[in-house]
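For the sequence shown, the working numbering begins at 155 and goes up steadily by one.
See below for the structure under consideration.
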Amino acid sequence: MTIVRPYGDTTGDGMVQLSFTLPIPLDEPAGKRAEGAALQLAAKMGLDPAMVVHARQMGAGHTFFVVYGRSNHLVDLDKVQVVERDFRLLSAKEVNTAIKARLRRKLVVVGACIGTDAHTVGIDAILNVKGIAGEKGLEYYRECRVLNLGAQVSVPELVEHARAEKADAVLVSQVVTQRDAHLHNTREMSAAFREAFPAGRRPLLVVGGPRFDELMTSELGVDRIFGRGTTPREVASYLVQALTAGKVTA
Ligand code: B12
């Protein structure tokens with residue numbers, strides 16, 4: 155068993171910092187109550203001792219807090235569950251070569267933000283030439299053909315475009331998670347593709363966004379989930395390997 159504790163001032167002291175907002179005004183005389191409420195919450199979250207190191211009123215009637223305190227919980231590294239990368243990270247040249255050799259045609263990608271979500275920066279970072287973190291997006295890959303449908307695309311529209319373009323992969327971004335919108339939209343999307351395409355003929359379904367749990371692929375009916383900090387090269391490497399698995403290089 156490998157146990158670790160947070161590091162604050164000294165190794166293993168368990169000290170953590172967290173921030174949150176409470177719907178309580180900071181103005182005196184209520185200010186003391188606001189800080190007391192923050193400490194009560196921290197104590198209930200298992201921080202003991204805890205101190206308020208920052209408090210600032212956020213508009214009318216709300217206060218933002220930063221609390222620093224000792225967490226008495228232990229982390230068991232043997233019980234950590236994550237989705238490890240199970241494909242090789244390829245260079246753009248390797249991706250293009252693999253598509254050409256194994257698919258023998260361009261790899262077609264259709265992407266969109268679905269539902270009411272208008273946060274396109276993430277999907278643009280993956281698809282558009284400009285890319286992110288010094289990597290160019292999939293449009294830059296000579297052997298990929300990319301159609302980025304942009305924001306607020308309905309599921310039926312997405313299915314139609316995927317069919318018309320003969321998409322190999324459909325890439326969907328969901329950033330807004332209020333009332334689990336990202337989960338409802340993803341389930342609706344995967345169900346629609348299963349209904350519209352015969353088994354074995356549907357495009358690869360990939361969703362991404364900063365607040366997805368990457369362990370939920372089968373529950374959401376998708377092939378892969380990509381989270382915060384994803385780069386286009388990871389996505390290109392995944393797509394080519396997932397779509398050409400078993401296809402032997404000529
Ligand atoms: C920019 C922004 C906006 C812009 C969006 C402009 C645009 N064209 O995208 C505007 C001003 C329009 C906007 C509006 C709103 N926003 Co806003 N917005 C943000 C902000 C500041 C940054 C998001 C961003 O661009 N991140 C940068 C990109 C690169 O990161 P990313 O999306 O995570 O993408 C990466 C990965 O997640 C992954 N990825 C993402 N998608 C995909 C898809 C695939 C297929 C793959 C493989 C990978 C992948 O790869 C990307 C690159 O690494 C965030 C706060 C924040 N700091 O994150 C709030 C935030 C997302 N917005 C929020 C909210 C609430 C809204 C509004 C509802 C506000 C309002 N009341 O009107 C509206 C909703 C509009 C709508 N209909 O969707 C909330 C969402 C809260 C929640 N839990 O749902 C946030 C978190 C702010 C907050 N703390 O409250 N917003």
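Heads up, the beta-carbon is just placed ideally off N, CA and C, and yes, glycines get one too.
- By the 16-neighbour rule on beta-carbons within 10 angstroms, T274 is buried.
- Taking C-beta atoms as the reference points, E319 and V262 count as a pair closer than 8 Å.
- Here Y222 has Q171, M205 and V207 as same chain residues with Cβ atoms under 6 Å from its own Cβ, once five neighbours each way along the sequence are excluded.
- Taking the Cα positions, G265 is about 43 Å away from K198.
- Sequence-distant Cβ neighbours of V324 in its own chain, meaning closer than 6 Å and more than five residues away, are V264, A316, P357 and L359.
- L176 is bridged by DSSP to T217.
- The same chain holds no residue with a CB closer than 7 Å to that of T164 once the five nearest residues on each side in sequence are set aside.
- Pairwise C-beta distances place the stretch 240-248 out of contact with the stretch 212-226, as fewer than three of them are shorter than 8 Å.
- In the three-state reduction of the DSSP assignment, Y222 falls in the strand class, which pools E and B.
- Remark: the C-beta of F219 is outside contact range of the ligand B12, defined as less than 7 Å to any heavy atom.
- DSSP places G383 in no alpha helix (DSSP H); its state is neither H nor E.
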